[in-house]
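Contents: one structure, followed by commentary.
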Amino acid sequence: MSLYKKLGFVNTIDMFKKANKGGYAIPAYNFNNMEQLQAILFGCLESRSPVIIQVSKGARDYANQTLLRYMAEGGMAIVNSSDHPIPVALHLDHGDSYELCVSCIESGFSSVMIDGSSHPFEENIALTKKVVDYAHAHDVTVEGELGVLAGIEDEVQSEVSHYTDPDDVEEFVKRTGVDSLAISIGTSHGAYKFKLKPGEKVPDLRFDILEEIERRIPGFSIVLHGSSSVLPEYVKIINENGGQMSGAVGIPEEQLRKAAKSAVCKINIDSDGRLVMTAIIRKVFKDKPGEFDPRKYLGPAREELKKMIIRKNREVLGSADQA
Ligand code: G3H
Ligand code: 13P
Ligand code: ZN
93 MSLYKKLGFV
103 NTIDMFKKAN
113 KGGYAIPAYN
123 FNNMEQLQAI
133 LFGCLESRSP
143 VIIQVSKGAR
153 DYANQTLLRY
163 MAEGGMAIVN
173 SSDHPIPVAL
183 HLDHGDSYEL
193 CVSCIESGFS
203 SVMIDGSSHP
213 FEENIALTKK
223 VVDYAHAHDV
233 TVEGELGVLA
243 GIEDEVQSEV
253 SHYTDPDDVE
263 EFVKRTGVDS
273 LAISIGTSHG
283 AYKFKLKPGE
293 KVPDLRFDIL
303 EEIERRIPGF
313 SIVLHGSSSV
323 LPEYVKIINE
333 NGGQMSGAVG
343 IPEEQLRKAA
353 KSAVCKINID
363 SDGRLVMTAI
373 IRKVFKDKPG
383 EFDPRKYLGP
393 AREELKKMII
403 RKNREVLGSA
413 DQA
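End of the sequence shown sits at 415 in the numbering used here; the numbers just go up one at a time, nothing left out.
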């Protein structure tokens with residue numbers, strides 16, 4: 093039996109099948125520390141949402157890969173001993189090499205992303221297929237990527253976005269055998285997704301490209317990265333409490349809600365969680381300059397993050413009450 097199954101995780105096959113049928117998307121939240129992991133798991137347990145907890149290469153470097161992996165195992169033990177367990181996939185976010193994917197699979201991940209989007213098409217196919225062959229032999233699911241998002245993709249930086257070309261998707265999916273595909277339709281990573289002139293509106297996502305992709309690969313599971321909304325209420329708290337984040341802007345939640353009802357069955361959110369925690373911590377520091385117990389600022393930050401996750405699951409992803 094694959095290691096991840098012994099740990100109680102699931103791969104993404106059933107999750108995506110149900111999400112596609114049900115017209116909602118599975119939330120994929122990143123974690124780097126205990127408070128984020130607690131907020132994600134407790135928020136998803138409370139809203140009864142399936143969830144993908146994801147770990148980037150940067151998270152492994154920051155928190156120590158062994159510690160993160162055992163934290164996830166501990167989290168899963170709590171989930172599975174609750175009255176109403178939810179399906180949880182442990183996923184590698186933006187894997188950039190075959191070796192990294194193998195290392196994650198060997199340590200108990202149930203799903204990996206191999207991000208070959210910065211490589212030429214044929215190289216992306218060869219790398220992705222190599223990962224798929226190994227992963228599928230262990231019942232682990234694989235996410236590939238076609239098209240480049242603007243912003244920062246781990247160590248790969250792109251100034252401009254190259255939308256996914258619908259002409260490429262069928263061949264990519266067929267030749268690699270991937271289980272899901274991340275596409276570029278106007279989302280981007282980080283808290284500064286658009287440079288807007290005064291009075292300018294955030295441009296709509298390219299739903300025309302998404303529709304064409306759906307037509308080429310009907311029923312296939314599509315993933316959206318860079319899908320934080322950069323919630324203005326938290327940016328405001330940050331700026332009112334000593335931060336400087338003017339010009340921070342994200343994807344409006346209505347656009348994500350619309351995407352979640354389509355073939356998009358996984359939506360990645362990291363920056364929104366970072367903003368929530370930063371906002372609350374800044375506020376505690378401003379209001380209580382004498383506070384020096386980490387539990388007194390990390391605790392409220394964790395609570396607020398949990399609230400945000402519950403609201404996102406209910407109002408944006410539509411994944412609440414689906415577990
Ligand atoms: O897409 C990237 C994720 O937000 C992870 O970011 O590489 O800073 O951990 P990171
Ligand atoms: P955001 O920066 O918009 O939260 O995107 C996160 C992401 O795509 C993780 O892979
Ligand atoms: Zn991403």
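Ideal placement from N, C-alpha and C gives every residue a C-beta, glycine not left out. Every value quoted in this text rests on a predicted model; they were computed, and no experiment measured them.
Only counting the same chain, and skipping five residues up and downstream in sequence, which positions put a Cβ closer than 6 Å to that of residue i?
i      : result
VAL322 : ALA283, ALA340, VAL341 and GLY342
ASN71  : Residue 71 cannot be examined here, being either before or after the span of the chain that is shown, 93 to 415.
PHE108 : SER313 and CYS357
PRO258 : GLU304, ILE305 and ARG308
TYR326 : LEU367, VAL368 and ALA371
LEU390 : GLU127
VAL143 : PRO119, CYS136 and VAL180
ASN360 : ALA120, HIS317 and SER319
Comparing the CB of residue i with every heavy atom of the ligand ZN, is any distance shorter than 7 Å?
i      : result
ARG185 : Note that residue 185 is Asp in the sequence shown, not Arg. True, at least one ligand heavy atom lies under 7 Å from that Cβ.
ALA236 : It should be noted that the sequence gives Gly, not Ala, for residue 236. Not so, every heavy atom of the ligand ZN lies at least 7 Å from the Cβ.
SER228 : Before going on, a small fix: residue 228 reads as His here, not Ser. Incorrect: HIS228 has no Cβ contact closer than 7 Å to the ligand ZN.
ASN125 : no
HIS281 : yes
GLY365 : no
GLY391 : no
How many angstroms separate the CA atom of residue i from the CA atom of residue j?
i      : j      : result
SER272 : ARG387 : 39 Å
SER199 : THR158 : 8 Å
VAL248 : ASP175 : At VAL248, the pLDDT of 47 sits below 50, so the modelled position is not reliable; the number obtained from the coordinates is stated separately. Distance between the alpha carbons of VAL248 and ASP175 is about 42 Å.
SER320 : MET337 : 15 Å
GLU407 : LYS287 : 27 Å
ILE217 : LYS149 : 21 Å
PRO179 : GLY291 : 43 Å
LYS404 : GLY410 : 8 Å
GLY135 : GLU396 : 10 Å
SER94  : ARG161 : 15 Å
ASN112 : LYS289 : 37 Å
LEU316 : LEU348 : 9 Å
GLU191 : ASP362 : 24 Å
PRO324 : PRO392 : 19 Å
PHE384 : PHE377 : 9 Å
ARG267 : ALA229 : 17 Å
LEU297 : VAL270 : 24 Å
Quick one: is the Cβ of residue i within less than 7 Å of any heavy atom of the ligand 13P?
i      : result
SER210 : no
ASN122 : yes
ASP106 : no
ILE361 : yes
HIS317 : yes
SER272 : no
SER313 : no
Less than 8 Å between the C-beta atoms of residue i and residue j, yes or no?
i      : j      : result
VAL224 : ILE197 : no
SER195 : LEU241 : no
LEU219 : PHE201 : no
ILE401 : ALA131 : yes
GLN414 : TYR116 : yes
TYR255 : GLY239 : yes
GLN128 : GLY365 : yes
THR104 : SER209 : no
VAL102 : LEU133 : no
I'd like to confirm something about residue i: is its beta-carbon nearer than 7 Å to some heavy atom of the ligand ATP, or not?
i      : result
LYS149 : Absence of the ligand ATP is noted for the structure shown, with the ligand G3H, the ligand 13P and the ligand ZN being the only ligands found.
Counting only the same chain and skipping the five closest in sequence on each side, list residues whose C-beta sits under 7 Å from that of residue i.
i      : result
VAL265 : LEU273, ILE309 and PHE312
ILE206 : GLY187, CYS193, LEU219, THR220, VAL223, VAL234 and GLY236
ALA412 : SER139, ARG140, SER141, ASN405 and ARG406
LEU99  : GLU165, MET168 and GLY200
PHE213 : ASP260
HIS211 : LEU219
PRO344 : VAL294 and SER321
GLU262 : ARG308 and ILE309
I want to see whether chain B comes within less than 8 Å of residue i, judged by CB atoms only; does it?
i      : result
GLU345 : The chain inventory of the structure shown lacks chain B, comprising one protein chain alone.
Can you name the start and end residues of the alpha helix (DSSP H) that residue i belongs to?
i      : result
THR104 : Unbroken run through THR104: none, as it is neither H nor E.
SER199 : 190–199
SER363 : 363–379
GLY187 : Premise fails: GLY187 lies in the beta strand (DSSP E), 180–187, not in any alpha helix (DSSP H).
PRO392 : 386–404
GLN146 : Here GLN146 belongs to no alpha helix (DSSP H); instead the beta strand (DSSP E) covers 143–148.
TYR96  : 95–99
TYR162 : 157–172
Where does the unbroken beta strand (DSSP E) through residue i begin, and where does it stop?
i      : result
MET205 : 203–206
LYS285 : Careful: LYS285 lies outside any beta strand (DSSP E) and carries neither H nor E.
GLY236 : 233–238
LEU273 : 272–275
ALA227 : Taken as a continuous stretch (DSSP letters only), ALA227 belongs to no beta strand (DSSP E), being part of the alpha helix (DSSP H) at 213–229.
LEU316 : 313–316
Considering only heavy atoms of the ligand G3H, does any lie closer than 7 Å to the CB of residue i?
i      : result
ALA151 : yes
ASN333 : no
ALA203 : The amino acid occupying residue 203 in the given sequence is Ser; Ala does not appear at that position. It does not: the Cβ of SER203 is nowhere closer than 7 Å to a heavy atom of the ligand G3H.
SER276 : no
SER148 : yes
Sorted by chain position, which residues of the same chain lie with C-beta nearer than 8 Å to residue i's C-beta, five sequence neighbours on each side aside?
i      : result
LEU302 : ILE275, ILE277, ILE314, ALA351, SER354, ALA355 and VAL356
ARG374 : ILE329, ILE330, ASN333, GLY334 and GLY335
LYS380 : LYS388
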